[in-house]
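Enquirer: Got a structure here, written out as C-alpha cells. Questions coming.
In our numbering, the protein residues as written are 834 to 1310.
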C-alpha cells in the first residue's frame, strides 16, 4: 500500500480549492503521484445515465434515498495507465475541513469504474457497464479496488449484499483509459458542510513507480478529453482551476478554432485574472484553447467539443437504375447530412452500421437513422425504389388495376412503350400520366403477356448515357 504524501493533504487544509467535476464529459484527468482531494458537490449539468436513469446500470442502483436517479453528489475522474500490471485505489471519507478532526463522518461514498477505452457516450447509453464497483454500506472509512487498508479485506467481485466494499484488483495495460465515478450516497449536503474524500492509487505498479504507473501527461490535459455532445445539451463549463498551476494564476485567455482547421477564429473569447471558467453553449462546436499565465510561466491546454443533432437524411441512392426481371429487388445506399456516427434500419430491420442495404423491394420503403452518440433518431422516412410489377389485374377492385413503373420520377427523361406479343404499340406512358389500365382504344385487352420498353438516361463518368430496358409482364382477368 502507498504512504500518503503530506503535501497533497495540506493543499486541502490550507483552503486551496479541490478539483471536482460532477459530469463524465468533463471528467478530471488524474495521476498516481499524489492523493486527490475532492468534494462531490452535485449532480452536474448533464444526466450521465440518460433520461431513464432510475433504471439500474450494471451494479449501480438508485444513487440516493432522496433522488430518483443513479447520480447523487458525484465526482468524475479519468486516468490512463502508464505501465502494465496491478492497479487499485482507495477512497477515504474525510471531515468537512479535509482532516480527520471530527467525531462522525456522515458521507457514504460508493464508486463505479468503466473501461478500458470507453467514452462517456458509451456510459450514458449503457453499452458500457461498470467493470468494478461498490454500492454496499461502508463499514469502514474506505472503499475501493484492491485491499482495504483499514481491515485488510481483499477485494472480490461485487455480489448483491456481499458486504465486501472492495472490488478485485485491476490488471491494466499501458495506454488504457478508465473513467471513475465516485458517488456520495447520502444527502447530508443540504444544510450541512460538504464532506470531501481522498482518492489514492495503489497496487504493485504504483509501488514500483508511482510517477509512471499512471500516465501523468494526461493530467496536463486539464480541460479533459475531447467531448461529443448533443445539440440542446446543458452548457459545458471549462475550468482553468483544474490545471497543474492550481490557483497560481496571473491571467487567463480563452480562444477558439470553430472549424478545428488550425486557424484561430476568436483569439479573445474571455480574458482576465478572474476568467478561470469559460462556458461552452450548444451548438458551438470547435477546439477551445486556454492560456494561463502564472508566476512561473504559461500553462496551456485545448479541447475539441463537437455538438451533434438529430440525423438529417441527405438522400437515398438506388444502386441500380431499375430492377431485373427475376428478383424485383434493388440495393440502396443511405446518405446523411452530417459527420456523426450513425446506424440505419430499413423497413423495420435491425439497425446496422453499413449504409448499404441489399434486396430492397420496389415501391415505397422507409429508413430510420439513429445517431450513435445518443443525439436522436429520425422518424421513419419514406423513399422510393424503381421497379415494375410482374402482373396486374385491371378488374376495378382498387388493387393492381394499373400497370406502371414504380419510382419512374427517380429516372432521367423516362419514356415507356407497351406492346402486345406481336409487337403492336398499345400505349405510350409519360412520366406523369399514371399507369396502363389494360385497354386499347377503349377495349379491354385479354389476359396475356405484354412487353414494354423503357427508355431513360443515366450519368456515367459525368457523361449522360441513353439506356433502354425491355421486359414483359402479365395481364390477368
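We put the CB at the ideal spot given by N, CA and C, even for glycine.
Note that this is a predicted model, so its numbers are computed, not measured.
#1: Using only CA atoms, which one of 1162, 858, 865, 1062 lies nearest to residue 916?
#2: I think residue 924 touches residue 973, with their Cβ atoms under 8 Å apart; what is that distance to the nearest whole Å?
#3: Going by DSSP in three states, residue 1181 sits in which element: helix, strand or coil?
#4: Quick one: complete beta strand (DSSP E) runs, 3+ long, within the region 1196-1244?
#5: Provide the residue(s) that pair with residue 945 in DSSP beta bridges, ordered along the chain.
#6: Assign residue 1083 to one of two classes, buried (16 or more other C-beta atoms within 10 Å of its C-beta) or exposed (fewer than that).
#7: Taking a contact to mean a Cβ-Cβ separation below 8 Å, would you say residue 1252 touches residue 1221 in this structure?
#8: Report the rounded CA-to-CA distance for residue 1068 versus residue 1142, giving the unit in angstroms.
#9: For residue 926, write down the residues that DSSP places opposite it in a beta bridge.
#10: Note down the Cα distance separating residue 1240 from residue 1177, rounded to an integer number of angstroms.
#11: Taking residue 1062 as part of the alpha helix (DSSP H), name the residues at either end of that continuous run.
#12: Near residue 1137, which residues of its chain fall below 7 Å by C-beta distance, leaving aside the five closest residues on each side in sequence?
#13: Would you mind stating whether residue 1010 and residue 911 have Cβ atoms separated by less than 8 Å?
#14: By the three-class DSSP mapping on this structure, what secondary structure does residue 1038 have?
#15: Going by C-alpha distance, which of 855, 859, 952, 940 is nearest residue 1205?
#16: Please report the straight-line C-alpha distance between residue 941 and residue 988, rounded to a whole angstrom.
#17: Round the Cβ separation of residue 922 and residue 1033 to the nearest angstrom and send it over; I've been treating them as touching at under 8 Å.
#18: Taking one C-beta from the region 1103-1113 and one from the region 1072-1092 each time, how about it: are there three or more such pairs within less than 8 Å?
#19: Roughly how many angstroms lie between the CA atoms of residue 1300 and residue 1264, to the nearest whole one?
Expert: Well, looking at it:
#1: Locating residue 916 in the chain shown gives position 83, counting from the first residue. Among 1162, 858, 865, 1062, the Cα nearest to that of residue 916 is on 865.
#2: Within the chain shown, numbered from 1, the residue matching residue 924 stands at position 91. Within the chain shown, numbered from 1, the residue matching residue 973 stands at position 140. Incorrect: roughly 11 Å between the Cβ atoms, too far for contact.
#3: Stepping through the chain shown from its first residue, residue 1181 is reached at position 348. Here residue 1181 sits in coil by DSSP.
#4: 1196-1204, 1214-1218
#5: Counting from one through the chain shown, the residue named residue 945 turns up at place 112. Paired residues: 966, 1014.
#6: The sequence position of residue 1083 within the chain shown is 250, counting from 1. By the 10 Å Cβ count, residue 1083 comes out exposed.
#7: Looking up residue 1252 in the chain shown gives position 419. Looking up residue 1221 in the chain shown gives position 388. No, these two residues do not count as a Cβ contact at 8 Å.
#8: Position 235 of the chain shown holds residue 1068. Position 309 of the chain shown holds residue 1142. The alpha-carbon atoms of residue 1068 and residue 1142 are separated by roughly 15 Å.
#9: The count along the chain shown starts at 1 and reaches residue 926 at position 93. In DSSP, residue 926 forms a bridge with 1030.
#10: The residue labelled residue 1240 in the question sits at position 407 within the chain shown. The residue labelled residue 1177 in the question sits at position 344 within the chain shown. Roughly 22 Å separates the two Cα atoms.
#11: As a first step, residue 1062 must be located in the chain shown, where it is residue number 229. Taken as a continuous stretch (DSSP letters only), residue 1062 belongs to no alpha helix (DSSP H), being part of the beta strand (DSSP E) at 1060-1063.
#12: Looking up residue 1137 in the chain shown gives position 304. Hits under 7 Å: 1059, 1093, 1120.
#13: Position 177 of the chain shown, counting from 1, holds the residue named residue 1010. Position 78 of the chain shown, counting from 1, holds the residue named residue 911. Yes, Cβ-Cβ distance for residue 1010 and residue 911 is below 8 Å.
#14: By 1-based counting over the chain shown, the position of residue 1038 is 205. Helix.
#15: Looking up residue 1205 in the chain shown gives position 372. Closest by alpha carbon: 952.
#16: Residue mapping note: residue 941 aligns to position 108 of the chain shown, counting from 1. Residue mapping note: residue 988 aligns to position 155 of the chain shown, counting from 1. Using only the alpha carbons, I get a separation of about 18 Å.
#17: For the purposes of this step, residue 922 is taken as residue 89 along the chain shown, with counting starting at 1. For the purposes of this step, residue 1033 is taken as residue 200 along the chain shown, with counting starting at 1. Sure, about 6 Å apart at Cβ, within 8 Å.
#18: yes
#19: Indexing the chain shown from 1 puts residue 1300 at position 467. Indexing the chain shown from 1 puts residue 1264 at position 431. Cα to Cα, residue 1300 sits roughly 16 Å from residue 1264.
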